[in-house]
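Input: a single structure, listed below in structure tokens.
Protein chains: 2
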Amino acid sequence: MKKKSIKDIAQDLGVSKTTVSFVLNKKGDEKNISKKTQKMILDYIKKVGYQPNQIAKSLKNGTTNTIGYLVPDISNPFYAKIGRTIEDLLWEKGYHLIIGSTDEKKEKEERLLNMFLNRQVDGLIIASCFIKGEVLKSLSEHNFPMVFFDREDPGCLANYILVENKTPMKEAIQKTIDKGAKKIGLLSITPDVYSLKLRIDGYKQALLDNGLEYDQNLLRIVDHNRIKESAQKELKYLIEAGVEVVVFTNNQITATAIWLMNMLYPEKVKEITFVSFDNLDIFDYSMPKVISIAQPIDSIAKQSVEILAEVIKSKKIKNTRIELKPKLIVR
Amino acid sequence: MKKKSIKDIAQDLGVSKTTVSFVLNKKGDEKNISKKTQKMILDYIKKVGYQPNQIAKSLKNGTTNTIGYLVPDISNPFYAKIGRTIEDLLWEKGYHLIIGSTDEKKEKEERLLNMFLNRQVDGLIIASCFIKGEVLKSLSEHNFPMVFFDREDPGCLANYILVENKTPMKEAIQKTIDKGAKKIGLLSITPDVYSLKLRIDGYKQALLDNGLEYDQNLLRIVDHNRIKESAQKELKYLIEAGVEVVVFTNNQITATAIWLMNMLYPEKVKEITFVSFDNLDIFDYSMPKVISIAQPIDSIAKQSVEILAEVIKSKKIKNTRIELKPKLIVR
DNA sequence: TCGGTTTACTAAATCGGTTTACCAAAAATA
DNA sequence: TATTTTTGGTAAACCGATTTAGTAAACCGA
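Top line first, the protein sequences correspond to chains A and B. Each residue of the first sequence is one higher than the last, beginning at 1 in the working numbering. Each residue of the second sequence is one higher than the last, beginning at 1001 in the working numbering.
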């Protein structure tokens, strides 16, 4: 039993495709289709359970009601939760989501981006590792509806939904200093992303403000291709250097470090404090104690969707830059 | 600068659409297009950066290379991780993912399902709360490529990728009984899903096998519409009843309970043992100690994709039922 | 009862590809 | 040289919708 098309319906009822299409699109009255015919078509539609082919619609209309969601890893709770919220918000507006995970790889990002474009997405919501890239740049120039979140390239004009980085990081670290911390280390994945750089700046600023020495050796970079091994090595370095506080620039690295601490140094989990940019539910009851900077997931999602919808609708160039305030959670 | 279509390319080069299409699809030799013309077209394609419109392709070919991924909540780590793995596996086969979260609501599930179908997905990977539903049933009857995972309706023939439920649950609980537990409670979300019922059966069986009394009052059901409040109430009941072990039927409820225990009964976290169907990374270092039944995420994803690809390719009816073995993690 | 308007509806073009069927010229064969 | 085959292409139909431009018939006022 093949699916019925408008053509089939028209034939079955002895009317034209045009008439059926008008009725389906609620243009029956406007287009002077008699009530009788309208009813006949609507009844038949219901009876056979006709569903329009969105692909055909998309081809004709030039719009797919599809948004691409491009992030480093959809299984990272931060991106998963934002994705989920965006899914719900977009659904209300009649859009739905295609997803892509880039693994922070430039090549994968460009391939996914091209896939999205070939599939004629109406817009993109992106946490990109490579905003400067050819494809994105050209899209930007041609005014393709896009919203960037989580990451920014200050050299590129675009719509950004961001979260303040430097100051919150500084303030979170200040809390530990207020409690007497003197030796503070930092663990970050490769900071080729501007927002990570800012978080690290916050770290340096906190030290500076308090007259603490900035020791370059205590700023450790983890290779994001082999997080576990690399983090273990760098964490070990910091522990052996005798730090009282370890600062992390995102949730993934904090989670890894918590796990490592419990596996390798269970005796030390009570002496050390973690500071994490990004919050995770588990921080509420894991050790070491974590002071975290919680990004406002709902706001990020809401703003992204709002700006995107606006840009799609207005078809005008827009370069909004929204900086949201994160929430400091001291435990 | 509008995007070029095949028609534009053909006009620019003074050849026909047909010729361009043949060359683009590597049918140049087969269709006797001269090397010279082929090169000319390919060079021009590269120069102007032509990208085919997948929507048009889909309309003509009747296949979209798109798979729908329908789960209760894409931000649940279990579904997020499986989704991520599936994304990667499908990508290799030239497919990509559209996602939908049902929130365990029948109505939402049907709406999303219809959306997927209107968008002409080539197949579906589903953790459904409502397999018996009209839409799914009719799809099944018309032999639409689908794979169900995580959940089963034994009354419906289909492709299932499942994990053993009863025995592993029984064995996990046995570990706690071996260590002397006598009073064992259970917390589950509303078990309107067959696999949850089986997990609960495993719980009952464990008690039975060991001559322990099955006290209906210790089997508490949490309302999945307001998990936190409901779980708090039910957990309180169990704690006050003096249980030594609490069993959970999925990760979400375990995670909530861990959080609640640490918030409300920090003094008891060391005395109580949790048993969780589904594993989470945090169990490695959270309290109370968790004995967990880890579902083989990678295998689930791999099998789902494999079976789906097979069904799509062969266009034959198939009713595979694969039951994977979970891994018991004792901490 | 004639011209204009409204009513009720339809043919055909279009979106951007793929594919079938066909054709002229050149090359190969009889 | 006449005929067949191969080479190198093209026109047009098609996928399933939307939309423009139009057309008969009914109606309506003068």
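No residue lacks a Cβ here, since even glycine has one placed at the ideal position from N, Cα and C.
Ranked by Cα distance from B:R1119, the first of A:R321, A:I86, A:T320, A:L59 is A:L59. Closer than 9 Å to the CB of B:I1184 there is not a single CB belonging to chain A. The residue among A:L90, A:F130, A:I126 with its C-alpha nearest the C-alpha of B:L1112 is A:L90.
Between the segment 163 to 181 of chain A and the segment 234 to 247 of chain A, the count of Cβ pairs shorter than 8 Å is three or higher; the stretches touch. Taking 9 Å as the cut-off, the beta carbon of B:V1071 is found closer than this to the beta carbon of B:T1102. For A:R321, the enclosing beta strand (DSSP E) begins and ends at 321 to 324. Exclusion of the five residues before and after B:I1253 leaves L1187, S1188, I1189, V1222, I1227, A1231 as the residues of its chain whose Cβ lies within less than 8 Å of its Cβ. The beta carbon of A:K170 sits closer than 6 Å to the beta carbons of G202, Q205, A206 from its chain, once the five residues preceding and following it are set aside; these are given in chain order. The C-beta distance from B:D1284 to B:T1085 rounds to 21 Å, too long to meet the 8 Å contact threshold. In this structure the segment 1093 to 1108 of chain B does not lie against the segment 22 to 33 of chain A, because fewer than three pairs of beta carbons, one per stretch, are closer than 8 Å. For the C-beta of B:A1255, the chain A residues within less than 9 Å are, from N- to C-terminus, D281, I282. Between the alpha carbons of B:R1220 and B:N1251 lies a distance of about 16 Å. Contact annotation, A:I307 with A:V121: C-beta distance approximately 16 Å; criterion of less than 8 Å not satisfied.
Residues of the same chain with their beta carbon placed closer than 6 Å to that of B:N1217 are lacking, with the five preceding and five following residues left out of the count. Looking at B:L1117, B:G1100, B:I1082, the one whose alpha-carbon comes closest to that of B:V1305 is B:I1082.
Taking a 10 Å sphere around the C-beta of A:T19, we find 16 or more other C-beta atoms and assign the residue as buried. Interface residue (Cβ-Cβ distance to chain B less than 9 Å): A:D88 is classified as such. One thing to note: A:A80 has its Cβ within 9 Å of the Cβ of B:A1080.
Judged by DSSP in its simplified three-state form, B:R1111 adopts helix. Exposed is the label assigned to A:V330, since fewer than 16 other Cβ atoms lie within 10 Å of its Cβ. Beta bridge pairing from DSSP links A:L219 with A:L186.
Here A:K2 is exposed. Its C-beta has fewer than 16 other C-beta atoms within 10 Å.
Beta-bridge pairing by DSSP links A:T19 to no other residue. Residues are counted here when their Cβ sits less than 7 Å from a Cβ of chain A; for the segment 1288 to 1309 of chain B the count is zero. Only those residues of the segment 1207 to 1228 of chain B whose C-beta falls short of 8 Å from the nearest C-beta of chain A would be listed, and there are none.
The segment 1042 to 1058 of chain B and the segment 1262 to 1275 of chain B do not touch, with fewer than three beta-carbon pairs separated by less than 8 Å. Between A:I126 and A:Y194, the CB-CB gap reaches or exceeds 9 Å. Assigned with DSSP and collapsed to three states, A:I33 falls in coil, not helix or strand. Neighbours of B:L1264 in chain A, taken as residues at a C-beta separation under 8 Å, are lacking, since the least C-beta distance is about 11 Å.
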